[in-house]
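Residue numbers (the working numbering): -7 to 316.
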């Protein structure tokens, strides 16, 4: 079978190659999936570069999420059957066949197609849990950068449904129009002069109580200046690849908090009931058509270089997916 493998860390388009490897056999308590769709997430690209919180042992098959059809059951597996379509979070998802623990398989209803099903676990679940972690109240003002990404769109929808005011920060006018088409009420383009003043105007000069930073780097200083007194800046991603820059005097005078949020840590400390409740919310939103999960393009595994370049193209209209 074909799998996308990297033997060293580096730029995804340079280090990932299609490799013919043996089809894995499911161990006891595992199932084997034939991959149908797998998304290219930002954290997948960071993992391949070796700059994510998790570093795989090399050589490694890349990818972390997929929807697939069960191909074979390992000993002792009950409640699942061959042909069943399931989604899963799994290292090594960018391959024709993947084995996963049976308890990690999430059956997918026919009403959720492959293009959405393969994106359903990582980003929507992260957005819902992240929003809960912000501890907001109705009427509160929050802001987020990279707002036109999957997490940003979902966080915006969830917050507005809870009567929380969201200022969505994007770099381009085209991204602003896309967000407005998804129902965004407040969008600010940061490539325009005076964008910080616009944020202050929206908040009546008070600043925002919570600010989600998915870019980090020197730009974080601009965000810090938008925080209200006792505000919180939550670092969710590091798209810039650079260390964050902060003003210590401003942090002291505003008594601000800067902290991180990592979904992997939440998953490890959450109870079974908490994880189940979060997944039920994801399914409710998906079945109601409330999860904006657009697809930019779909590539075959053999088109790895084109797919990686597409995934890193600014302004792409949706998630880049892989298929067999």
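We put the beta carbon where it would ideally sit given N, CA and C, even for glycine.
As assigned by DSSP and simplified to three states, the class of residue i
{"i": "residue 12", "result": "strand"}
{"i": "residue 276", "result": "helix"}
{"i": "residue 235", "result": "coil"}
{"i": "residue 144", "result": "helix"}
{"i": "residue 264", "result": "helix"}
{"i": "residue 111", "result": "coil"}
{"i": "residue 63", "result": "strand"}
{"i": "residue 20", "result": "coil"}
{"i": "residue 283", "result": "coil"}
{"i": "residue 157", "result": "strand"}
{"i": "residue 202", "result": "strand"}
{"i": "residue 150", "result": "helix"}
{"i": "residue 40", "result": "helix"}
{"i": "residue 79", "result": "strand"}
{"i": "residue 173", "result": "helix"}
{"i": "residue -5", "result": "strand"}
{"i": "residue 193", "result": "helix"}
{"i": "residue 187", "result": "helix"}
{"i": "residue 226", "result": "strand"}
{"i": "residue 247", "result": "coil"}
{"i": "residue 27", "result": "strand"}
{"i": "residue 91", "result": "strand"}
{"i": "residue 35", "result": "helix"}
{"i": "residue 133", "result": "strand"}
{"i": "residue 166", "result": "helix"}
Rounded separation between residue i and residue j - CA only
{"i": "residue 29", "j": "residue 254", "result": "25 Å"}
{"i": "residue 76", "j": "residue 234", "result": "43 Å"}
{"i": "residue 177", "j": "residue 158", "result": "8 Å"}
{"i": "residue 155", "j": "residue 128", "result": "10 Å"}
{"i": "residue 270", "j": "residue 165", "result": "33 Å"}
{"i": "residue 41", "j": "residue 186", "result": "35 Å"}
{"i": "residue 60", "j": "residue 277", "result": "21 Å"}
{"i": "residue 52", "j": "residue 24", "result": "18 Å"}
{"i": "residue 88", "j": "residue 27", "result": "5 Å"}
{"i": "residue 293", "j": "residue 100", "result": "23 Å"}
{"i": "residue 86", "j": "residue 195", "result": "44 Å"}
{"i": "residue 285", "j": "residue 208", "result": "24 Å"}
{"i": "residue 2", "j": "residue 304", "result": "14 Å"}
{"i": "residue 14", "j": "residue 272", "result": "36 Å"}
{"i": "residue 150", "j": "residue 5", "result": "34 Å"}
{"i": "residue 263", "j": "residue 94", "result": "19 Å"}
{"i": "residue 198", "j": "residue 248", "result": "14 Å"}
{"i": "residue 244", "j": "residue 306", "result": "36 Å"}
{"i": "residue 143", "j": "residue 174", "result": "13 Å"}
{"i": "residue 183", "j": "residue 141", "result": "17 Å"}
{"i": "residue 67", "j": "residue 265", "result": "27 Å"}
{"i": "residue 169", "j": "residue 179", "result": "9 Å"}
{"i": "residue 232", "j": "residue 71", "result": "44 Å"}
Residue i versus the options, residue with shortest Cα-Cα distance
{"i": "residue 230", "options": "216, 211, 248 and 240", "result": "211"}
{"i": "residue 202", "options": "132, 108, 43 and 109", "result": "132"}
{"i": "residue 152", "options": "114, 308 and 282", "result": "282"}
{"i": "residue 219", "options": "34, 103 and 188", "result": "188"}
{"i": "residue 105", "options": "299, 146, 287 and 238", "result": "287"}
{"i": "residue 228", "options": "213, 244, 243 and 205", "result": "205"}
{"i": "residue 49", "options": "-3, 64, 196 and 197", "result": "-3"}
{"i": "residue 65", "options": "19, 309 and 107", "result": "19"}
{"i": "residue 310", "options": "244, 78, 267 and 145", "result": "145"}
{"i": "residue 181", "options": "10, 167 and 63", "result": "167"}
{"i": "residue 92", "options": "63, 250 and 175", "result": "63"}
{"i": "residue 10", "options": "74, 296 and 306", "result": "296"}
{"i": "residue 79", "options": "109, 102 and 71", "result": "109"}
{"i": "residue 279", "options": "71, 103 and 16", "result": "103"}
Sequence-distant residues of the same chain with beta carbon closer than 7 Å to residue i, five excluded per side
{"i": "residue 139", "result": "148, 160, 161, 162 and 171"}
{"i": "residue 261", "result": "none"}
{"i": "residue 213", "result": "237, 238 and 239"}
{"i": "residue 308", "result": "288 and 302"}
Cβ distance (whole Å) where residue i is taken to contact residue j below 8 Å
{"i": "residue -6", "j": "residue 12", "result": "6 Å"}
{"i": "residue 312", "j": "residue 289", "result": "6 Å"}
{"i": "residue 69", "j": "residue 21", "result": "6 Å"}
{"i": "residue 320", "j": "residue 90", "result": "No answer is possible for residue 320: it lies beyond the span of the chain, which begins at -7 and ends at 316."}
{"i": "residue 137", "j": "residue 215", "result": "7 Å"}
Residues of its chain near residue i, where Cβ-Cβ distance is below 8 Å and the 5 sequence neighbours each way are ignored
{"i": "residue 274", "result": "112, 113, 116, 117, 120 and 283"}
{"i": "residue 200", "result": "133, 134, 135, 159, 191, 218, 219, 220 and 223"}
{"i": "residue 125", "result": "226, 253 and 258"}
{"i": "residue 46", "result": "39 and 256"}
{"i": "residue 44", "result": "35 and 38"}
{"i": "residue 291", "result": "298, 299, 302, 312, 313, 314 and 315"}
{"i": "residue 81", "result": "56, 57, 96, 113 and 114"}
{"i": "residue 84", "result": "-5, 52, 53, 54, 55 and 90"}
{"i": "residue 267", "result": "259"}
{"i": "residue 251", "result": "224, 225, 226 and 227"}
Cβ neighbours of residue i in the same chain (closer than 6 Å, five flanking residues each side left out)
{"i": "residue 0", "result": "7"}
Interface flag, residue i vs chain D, CB-CB below 8 Å
{"i": "residue 216", "result": "The structure shown contains no chain D, having only a single protein chain."}
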